[in-house]
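Below is one structure, written out as structure tokens, with a few remarks after it.
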Amino acid sequence: MEDAFELWSVTAACAVGHYFWRGLGVALSGRVTVNSELFNWVTCVAYAMIAGLVMRIMIFPAGMLAESALVDRLAACVLALAAFYAWRRNLFVGVSAGVVVLTLASWARTFG
244 MEDAFELWSV TAACAVGHYF WRGLGVALSG RVTVNSELFN WVTCVAYAMI
294 AGLVMRIMIF PAGMLAESAL VDRLAACVLA LAAFYAWRRN LFVGVSAGVV
344 VLTLASWART FG
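244 is the number of the first residue of the sequence shown in the working numbering; add one for each residue after it.
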């Protein structure tokens, strides 16, 4: 019983923290100028964080992804990026291409 209360307490605290910032974002969204230098800086930082996380996942993977070869992961990333741009920046096509390439490369290494 105590564990369930603890779990619900942590979940509620996370929800409050999450929705506080979302609400603040909604409240301030009308005042943000998307062409400002601050907004450009925040955009650059966000892209840099995403790029860093992707590279960390590619170079130092964890879990099942660590079982795949580095060359397979890099090939999947490059081909996913190529598909993303070839299909007019369609995220679904890019992600799907990456998944298919990584799956086929892993399958070929296992059974080929």
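Heads up, the beta-carbon is just placed ideally off N, CA and C, and yes, glycines get one too.
By the three-class DSSP mapping on this structure, what secondary structure does Phe303 have?
Looking at Phe303 - three-state DSSP - the assignment turns out to be coil, as it is neither helix nor strand.
Do the CB positions of Val336 and Phe327 come within less than 9 Å of each other?
Yes, the pair counts as a contact, with Cβ atoms nearer than the cut-off.
Between which two residues does the alpha helix (DSSP H) containing Glu310 stretch?
Where Glu310 is concerned, there is no enclosing alpha helix (DSSP H), given that its DSSP letter is neither H nor E.
Where does Gly337 sit, in a helix, a strand or coil, going by DSSP?
Helix.
I think Ala373 touches Ala348, with their Cβ atoms under 8 Å apart; what is that distance to the nearest whole Å?
Only positions 244 to 355 of the chain appear in this structure, which leaves residue 373 out of reach.
For the alpha helix (DSSP H) that contains Val259, what are its first and last residues?
First-last of the alpha helix (DSSP H) with Val259: Glu245 to Leu271.
Beta carbon of Ala305, beta carbon of Arg352: below 9 Å?
No. Outside cutoff.
Would you tell me roughly how many angstroms separate the C-alpha atoms of Phe248 and Trp350, rounded to the nearest one?
Distance between the alpha carbons of Phe248 and Trp350 is about 45 Å.
Taking the alpha-carbon positions, what's the Ser339 to Ala258 distance?
If you take the alpha carbons of Ser339 and Ala258, they lie about 31 Å apart.
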